[in-house]
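Peer 1: Residue numbers (this note's numbering), protein chains in the order written: chain G, 3 to 334; chain X, 3 to 334. Before we start, here is the structure in question, set down as structure tokens.
Structure follows, in structure tokens:
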């Protein structure tokens with residue numbers, strides 16, 4: 003098809019879009035009609051209205067989302083750690099020395115206190131032992147199988163059911179307005195990619211995360227990528243703008259996070275020229291989810307909360323602003 | 003707009019597409035009606051026809067392209083080296099010691115023989131000195147300014163005019179059939195991103211390349227990403243499948259290269275399940291471009307050419323298969 007024909011088809015699609023769009027219902031029904039929701043919508047209207055001084059061409063409408071605590075829950079500890087513990091248990095027969103060796107012993111026994119006492123180094127050791135050693139294709143299958151069977155202890159739900167309904171609506175709303183939505187997570191990139199499209203509508207090529215190194219090898223004449231027990235990149239704090247630049251190559255115009263690990267991503271995004279949006283999701287609902295901020299070990303929100311006021315970022319109060327938490331909840 | 007309305011709009015667009023598409027002219031007029039062209043078209047038809055056993059859903063239609071020698075020329079040496087030499091000359095006043103120090107002296111004097119004699123280490127030193135030390139925003143401007151003024155010695159054209167017209171048509175043809183087109187280049191990622199959309203229709207987020215490390219810093223309260231004189235990733239040979247996995251997270255179904263640096267990318271792509279396409283562009287036209295393969299220092303094509311036969315990859319003979327080389331050429 004030539005360019006003219008394509009443009010005509012696009013134009014016709016646009017006509018239908020405008021006509022049908024006008025009859026649409028509230029695009030974000032799980033959000034109460036409060037300040038945070040209104041500021042998000044106002045931002046989107048400003049950057050998508052061609053008559054607005056804040057208009058941004060569609061190609062530059064990049065929105066980045068943290069995952070843990072922003073798109074899904076992260077308590078009592080990051081869901082990736084549940085995965086690692088389950089992997090230790092699945093692999094212990096092949097590694098019997100783990101039964102007496104920390105932090106593996108703690109993982110096998112479900113002793114989370116001893117696990118946390120192992121510190122960053124111990125956790126890293128756990129991640130390496132459970133995330134490396136397979137090919138990339140094999141690992142994707144392991145993740146899919148785990149996600150289909152593992153259950154969160156509090157809700158007895160699959161982990162990918164614990165995604166925030168209001169954020170799903172927000173993702174759809176942004177994409178309906180020409181945004182490209184990306185995940186920029188401290189979690190492992192290969193632990194996310196097998197399921198983010200189904201859960202969030204975000205395809206693998208728009209997922210950025212922490213990673214271990216991989217190596218290209220020939221096995222029986224077939225090329226494979228082997229996962230190595232070596233850190234490649236930690237996509238957290240100062241790493242997030244670095245990874246955004248590496249993967250996206252454009253500065254986002256909107257960033258959504260929930261913890262100090264997202265501080266630099268929000269700084270980087272909102273310091274760009276023109277209108278920008280920074281949003282922090284604040285965990286304030288111990289009844290439907292969890293309440294934590296400045297003192298939390300997981301998902302600490304302290305410095306970023308202070309900067310939110312200075313820099314005019316939107317702070318979403320989950321308890322007040324959301325009438326529904328998870329897709330399986332009914333609206334309150 | 004809700005999902006139903008969006009689907010309806012898509013359907014109407016599709017109707018127009020089909021109707022108008024049937025009246026379209028040859029989508030790749032710069033390709034002669036030879037075997038290589040026909041095999042490419044046959045592949046695209048097979049993977050896009052819903053009735054075909056080889057059908058691939060649109061989201062999985064990933065096509066990757068090497069850049070140097072595949073989408074634009076790479077002789078008498080990689081265009082990035084022209085950039086580095088020009089940068090040395092622009093920076094010599096601030097670095098007077100370069101006047102007597104190799105490989106900088108050779109760059110200043112245009113002594114390419116001495117430059118090549120500096121070997122890989124010397125060239126790396128040259129790249130570091132000329133590619134690091136600025137912020138990412140500053141570097142993008144430097145690249146844009148260079149590209150707007152620098153000229154290729156043989157053609158007296160801007161370097162981004164030396165792109166292959168048949169490949170531009172191929173990129174359009176693939177995108178018209180729902181492919182997402184990516185660059186996977188051994189060249190510097192930040193040297194590509196400022197201009198690939200205009201030249202190839204490939205946006206920055208679909209460009210993968212070699213890179214140096216960047217560091218997030220605050221300068222006068224403003225966040226910047228500083229380019230460090232340290233290799234981050236070499237996107238060549240075994241690195242290409244690794245980078246494809248890191249950036250795209252899916253295995254491509256089609257890969258286009260021209261040298262042994264693309265061998266592993268083609269192996270990785272074509273070893274996937276289902277129908278796959280591997281294409282090598284062979285430089286056979288010393289009159290309109292250059293002729294080189296097994297013995298060339300730049301863009302050597304040797305092992306990959308042998309494997310092309312074994313693995314059924316398409317080999318494009320530029321001299322025979324293309325009736326036009328660059329956009330400024332008239333068809334022959």
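A virtual CB, placed ideally from N, CA and C, is assigned to each residue, including glycine. None of the values given here were measured: they were computed from a predicted structure.
Please report whether the beta-carbon of residue 50 of chain G lies at a distance below 9 Å from any beta-carbon of chain X.
Peer 2: Closer than 9 Å: no.
Peer 1: Do you know whose CA, among X/129, X/309, X/78, lies nearest residue 223 of chain G's CA?
Peer 2: Cα-wise, what sits closest to residue 223 of chain G is X/309.
Peer 1: If you draw a straight line from the alpha carbon of residue 135 of chain X to that of residue 217 of chain X, how long is it in whole angstroms?
Peer 2: Approximately 11 Å between the Cα atoms of the pair.
Peer 1: With residue 305 of chain X as the anchor, note down where its alpha helix (DSSP H) starts and where it stops.
Peer 2: Unbroken alpha helix (DSSP H) run through residue 305 of chain X: 305 to 313.
Peer 1: Quick test of the definition: if touching needs 3 or more C-beta pairs under 8 Å, does the stretch 54 to 65 of chain G touch the stretch 95 to 107 of chain G?
Peer 2: No: fewer than three Cβ pairs fall under 8 Å.
Peer 1: Relative to the C-alpha of residue 261 of chain G, which candidate in G/274, G/175, G/299 has its C-alpha closest?
Peer 2: Selected option, being the one with the closest Cα: G/299.
Peer 1: Strictly below 8 Å CB to CB, what residues from chain X border residue 247 of chain G?
Peer 2: Chain X residues near residue 247 of chain G: 138, 216, 227.
Peer 1: Below 8 Å, how does it come out for the stretch 47 to 57 of chain G and the stretch 145 to 154 of chain G: are there three or more Cβ pairs, yes or no?
Peer 2: Not touching, per the Cβ criterion.
Peer 1: Can a CB atom of chain X be found closer than 9 Å to the CB of residue 224 of chain G?
Peer 2: Interface residue, yes.
Peer 1: Can you tell which of X/45, X/188, X/96 has its C-alpha closest to the C-alpha of residue 83 of chain X?
Peer 2: The shortest Cα separation from residue 83 of chain X among X/45, X/188, X/96 belongs to X/188.
Peer 1: Does residue 255 of chain X come out as helix, strand or coil in the three-state DSSP assignment?
Peer 2: Residue 255 of chain X falls in the coil class under three-state DSSP.
Peer 1: Which class does residue 57 of chain X belong to by DSSP, given the choice of helix, strand or coil?
Peer 2: If DSSP states are grouped into helix, strand and coil, residue 57 of chain X belongs with coil.
Peer 1: Do you know whose CA, among X/168, X/190, X/182, lies nearest residue 126 of chain X's CA?
Peer 2: The residue with the shortest Cα to Cα distance from residue 126 of chain X is X/190.
Peer 1: Could you tell me the alpha carbon to alpha carbon distance between residue 272 of chain X and residue 242 of chain X, rounded to whole angstroms?
Peer 2: In a straight line, the C-alpha of residue 272 of chain X is about 14 Å away from that of residue 242 of chain X.
Peer 1: What are the start and end residues of each continuous alpha helix (DSSP H) run of 4 or more residues lying completely inside the stretch 102 to 183 of chain G, in chain order?
Peer 2: Here the runs fully enclosed are 106 to 111, 114 to 119, 121 to 133, 138 to 151, 167 to 178.
Peer 1: Quick check on DSSP: helix, strand or coil for residue 300 of chain G?
Peer 2: Looking at residue 300 of chain G - three-state DSSP - the assignment turns out to be coil, as it is neither helix nor strand.
Peer 1: Using a Cβ cut-off of 9 Å, pull out every chain X residue sitting near residue 187 of chain G, in sequence order please.
Peer 2: By Cβ distance, chain X contributes nothing, its closest Cβ being about 13 Å from residue 187 of chain G, past 9 Å.
Peer 1: Using a Cβ-Cβ cutoff of 7 Å, what residues of the stretch 252 to 274 of chain G are near chain X? List them in chain order.
Peer 2: Those residues of the stretch 252 to 274 of chain G that come within reach of chain X (Cβ to Cβ, closer than 7 Å) are 252, 266, 269, 270, 273.
Peer 1: Helix, strand or coil for residue 220 of chain X? Go by DSSP, reduced to three states.
Peer 2: The answer is strand: DSSP assigns residue 220 of chain X an E or B state.
Peer 1: Can you list, in chain order, the residues of the stretch 93 to 118 of chain G whose Cβ is nearer than 7 Å to any Cβ on chain X?
Peer 2: Taking 7 Å as the Cβ-Cβ cut-off against chain X, none of the residues of the stretch 93 to 118 of chain G qualify.
Peer 1: Would you mind telling me which residues of chain X sit closer than 9 Å to residue 213 of chain G, beta carbon to beta carbon, in chain order?
Peer 2: Within 9 Å Cβ-Cβ: 248.
Peer 1: By a C-beta neighbour count over all protein chains shown, 10 Å radius and 16 as the cutoff for buried, is residue 47 of chain X buried or exposed?
Peer 2: Flag for residue 47 of chain X reads exposed.
Peer 1: Do residue 130 of chain G and residue 231 of chain G come within 9 Å of each other at the CB atom, strictly closer than that value?
Peer 2: The answer is yes: Cβ separation under 9 Å.
Peer 1: With DSSP as the reference, label residue 43 of chain X as helix, strand or coil.
Peer 2: Residue 43 of chain X falls in the helix class under three-state DSSP.
Peer 1: Determine which residues of the stretch 64 to 82 of chain G have a Cβ less than 7 Å from any Cβ of chain X, and write them out in chain order.
Peer 2: Correct list: empty, as no residue qualifies.
Peer 1: Rounding to the nearest angstrom, what Cα-Cα distance links residue 118 of chain X and residue 79 of chain X in this structure?
Peer 2: Whole-angstrom Cα-Cα distance: 10 Å.
Peer 1: Mapping DSSP to helix, strand and coil, what is residue 229 of chain X?
Peer 2: Note: residue 229 of chain X maps to strand in three-state DSSP.
Peer 1: Please compile the residues from chain X whose C-beta is within a distance smaller than 8 Å of the C-beta of residue 160 of chain G.
Peer 2: Here the premise fails: no neighbours, minimum Cβ distance about 22 Å.
Peer 1: Below 6 Å CB to CB, which residues in the same chain sit around residue 316 of chain X once its five sequence neighbours on both sides are set aside?
Peer 2: Excluding positions up to five away in sequence, the list reads 38, 41, 281.
Peer 1: Three-state secondary structure (DSSP) at residue 325 of chain G?
Peer 2: If DSSP states are grouped into helix, strand and coil, residue 325 of chain G belongs with coil.
Peer 1: Which residue marks the beginning of the beta strand (DSSP E) containing residue 64 of chain X, and which one marks its end?
Peer 2: 64 to 67 is the extent of the beta strand (DSSP E) around residue 64 of chain X.
Peer 1: Residue 257 of chain G and residue 279 of chain G - do their beta-carbons sit closer together than 9 Å?
Peer 2: Cβ atoms of residue 279 of chain G and residue 257 of chain G: closer than 9 Å.
Peer 1: Is residue 115 of chain G buried or exposed, if buried means 16 or more other CB atoms sit within 10 Å of its CB?
Peer 2: Its Cβ having fewer than 16 others within 10 Å, residue 115 of chain G is exposed.
Peer 1: Mind checking if residue 195 of chain G is an interface residue toward chain X, Cβ cutoff 9 Å exclusive?
Peer 2: Output row for residue 195 of chain G: interface = yes.
Peer 1: Can you say whether residue 195 of chain X is buried or exposed, counting buried as having 16 or more other CB atoms within 10 angstroms of its CB?
Peer 2: Residue 195 of chain X is buried by the Cβ-count criterion.
Peer 1: By the three-class DSSP mapping on this structure, what secondary structure does residue 284 of chain G have?
Peer 2: In the structure shown, residue 284 of chain G sits in a strand (DSSP, three-state: E or B).
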